[in-house]
Structures are given as C-alpha cells and as structure tokens.
Amino acid sequence: MGLVREPAPAVQATPPSRTSTPPSTTRPPSTHPASRPALPAAVTYVPPTDPVGCPTAGAVAAAQNLADLQRATEGCLACPLGPGRLKFVFGEGNPQARLMFVGEGPGRDEDQVGRPFVGKAGELLDKMIAALGMQRDQTYIANVVKCRPPDNRTPTAEEAQACLGYLHRQIELIQPAVIVTLGATPLRELVGVSEGITRVRGQWKRVKVGDREIPVMPTFHPAYVLRQYTQEVRRAVWEDLKAAKDWIDRPGPED
Ligand code: SF4
223 MGLVREPAPA VQATPPSRTS TPPSTTRPPS THPASRPALP AAVTYVPPTD PVGCPTAGAV
283 AAAQNLADLQ RATEGCLACP LGPGRLKFVF GEGNPQARLM FVGEGPGRDE DQVGRPFVGK
343 AGELLDKMIA ALGMQRDQTY IANVVKCRPP DNRTPTAEEA QACLGYLHRQ IELIQPAVIV
403 TLGATPLREL VGVSEGITRV RGQWKRVKVG DREIPVMPTF HPAYVLRQYT QEVRRAVWED
463 LKAAKDWIDR PGPED
C-alpha cells in the first residue's frame, strides 16, 4: 500500500517562464505576463494500512506542531532503516516557510548530527538559497526518509512509503507555497512522477497533501550538481530555483 500512482501528466519540453507557453492544465492559462504558470494534476497519497510499527497514524495526525510531530516519530522503527541510524533526521527550518526543500534521505554527515543537508551538498544548497536572496532558516528542509539508508543507497519504495506519512504531516503543518524536490527520489515517492529527473526537472508538478494541492518544482540534488559541476547543470538548477522563488513572490489564489 502507498502512493496511488496515476499516469504521468503531460509535461512540457522547457521550464515554464513568464513568456513560455503553459503546459496542459485544468486551469485556463493566464495571459498576464506576471501570472504563475499552470500546474498538472496531483496524485493522492494513501497511507500504508499494514501495522508497520510505531507511531500510529493517529499519533502522527494528532501532532499539532512540528515539535509534537518530531516527538511522536523520533523513536520510529517502522522500516528496516530505523535500527541502523545514529540520529533521526526530522528536518529543520522555518515552521511557516513558504519555500520547502525535500531531499532523499540523510547521508553520513546528517546521520551523525541529526540535521538535514549539512555536508558538502548542504553547503551547496545553502549557497543556492543565498543566491535567491534568502537564508536557510527562511526555508524548511526535510527528506523523504528520516533515517540513513546503509551506504547512502536509495531508499526502497517500501521504506519511503513507510516514512512518507511523516513528511505529509510536516507539509500539512508548514503549508509551504512551493516545494522544491531535490533529485529523483522525492519526485517519485512524494509526487508520484517516475520519469528521469534529467527529463522532468524544471517542469511544474503538484502534490496533494491533506486538502491542499501544492506546486512542486523538481530539480537536481545538490550532490549530483557537485558530481556534474558543469555550467549546464548549474544553470538548470538556477533556473528551477528561480522559478520557485518567482512563484512565491507572485500573489496567487493558491495562497
Ligand atoms: S526511515 Fe522513517 S519509517 Fe523508517 S524507521 Fe526511520 S523514521 Fe521510521
């Protein structure tokens, strides 16, 4: 049980911009040059119904703030990643952030200190945020899984889906205006889009969390940018982050 996957929505060949043609949409495209780009349909997350360990779905739903949610979930052993962690990496940032980043899972550095994105990739993410004219603590940063996968492998679908309810509740409590997914895993597990990140980065998606649909901008993971430190990759990430920033800077009916 887990994410109900629907056929991938129509995608556009280039990132939306103030002058580009909007993708196919349920909403009529605006001709106003400063309007937000239209979004494709969202998928719906269905929490696992198997008894997967602590905490209960009721305890997660009852958390009324991020501190409550962290207390409710930090002892979790609901998937095989739990027993191997050094530190539970809940996430951190502004509890009312309009811009939220979602990565894959903690790495070695994050596992040791219990904070997301603190290694080299985190330093690059901080620089990206600064380039937008923002500070890290104005955003919120979390991962799909809260415990480090061994050898930094990609979390399995079962691990991701076991943990996803916590991320959903985090998003419900934060209510960001935009989510930026970093790499293929959060795009696949949170948004339900399995196409290659190279193909779909820069193309607006949306995710349904609770009763809200939230725009999602997929981009590369900072660790990938460090490995492929080319002008093309860096420019692509900059365009994606700028699109997300433009979204939150424009007033819209979704807010
Ligand atoms: S990764 Fe998530 S579901 Fe798995 S043990 Fe850690 S907190 Fe629980």
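Numbering (the numbering used here), first residue to last: 223 to 477.
Glycine is no exception: its CB is placed at the ideal position from the N, C-alpha and C atoms.
Distance CB(residue i)-CB(residue j) smaller than 8 Å
i	j	result
tryptophan 460	proline 437	no
phenylalanine 310	cysteine 369	yes
glycine 325	proline 338	yes
leucine 261	methionine 350	no
valine 497	phenylalanine 442	Coverage of the chain is limited to positions 223 through 477, which leaves residue 497 absent and any answer about it impossible.
arginine 391	alanine 283	yes
valine 402	leucine 299	no
Cα-Cα separation between residue i and residue j, rounded to whole angstroms
i	j	result
glycine 474	leucine 347	27 Å
arginine 421	isoleucine 363	24 Å
alanine 281	arginine 423	35 Å
glutamate 381	glycine 327	11 Å
glutamate 435	arginine 293	27 Å
alanine 279	glutamine 357	33 Å
alanine 379	leucine 389	15 Å
glutamine 334	glycine 315	18 Å
asparagine 287	proline 317	8 Å
aspartate 433	glycine 387	14 Å
glutamine 453	tyrosine 446	13 Å
proline 305	alanine 458	37 Å
glutamine 383	threonine 295	15 Å
glycine 336	leucine 291	16 Å
alanine 285	lysine 467	29 Å
Sequence-distant residues of its chain with Cβ nearer than 7 Å to residue i (five each side left out)
i	result
arginine 410	Ser416
threonine 248	In this prediction, threonine 248 scores a pLDDT of 38, lower than 50, which makes its location untrustworthy; the coordinate-derived value is nonetheless stated afterwards. Excluding residues within five positions, the ones whose Cβ falls inside 7 Å are Ala263.
proline 408	Val324, Gly325, Glu326 and Val366
glycine 297	Cys276
arginine 307	Asp333, Cys369 and Arg370
Assumed close pair residue i, residue j - CB separation to whole angstroms, cut-off 8 Å
i	j	result
leucine 448	proline 371	19 Å between Cβ atoms; not a contact.
isoleucine 393	glycine 405	Not confirmed; about 18 Å, so no contact.
proline 440	glutamine 450	Not quite, the Cβ-Cβ distance comes to about 16 Å (not below 8 Å), so this is no contact.
Chain-order list of residues whose beta-carbon lies under 8 Å from that of residue i (same chain, five-residue window excluded)
i	result
glycine 341	Gly329, Arg330, Asp331 and Glu332
alanine 319	Gln360, Thr361, Tyr362, Ile396 and Pro398
Spatial neighbours of residue i in its chain, beta-carbon cut-off 6 Å, leaving aside the 5 residues before and after
i	result
proline 444	Ala343, Leu346 and Leu347
valine 274	Below a pLDDT of 50, predicted positions are generally treated as unreliable, and valine 274, at 49, falls in that range; the measurement from the model is reported next regardless. Once the five neighbours on either side are set aside, the close Cβ partners of valine 274 are Ala300 and Ala384.
Residue burial classification, residue i (beta-carbon count within 10 angstroms, cutoff 16)
i	result
asparagine 495	What the structure shows of the chain is the stretch from 223 to 477, and residue 495 is not part of that stretch, so it cannot be assessed.
cysteine 301	buried
arginine 428	buried
valine 400	buried
alanine 478	In the structure displayed, the chain extends from 223 to 477; residue 478 sits before or after that span and is not available.
proline 277	buried
glycine 313	buried
proline 377	buried
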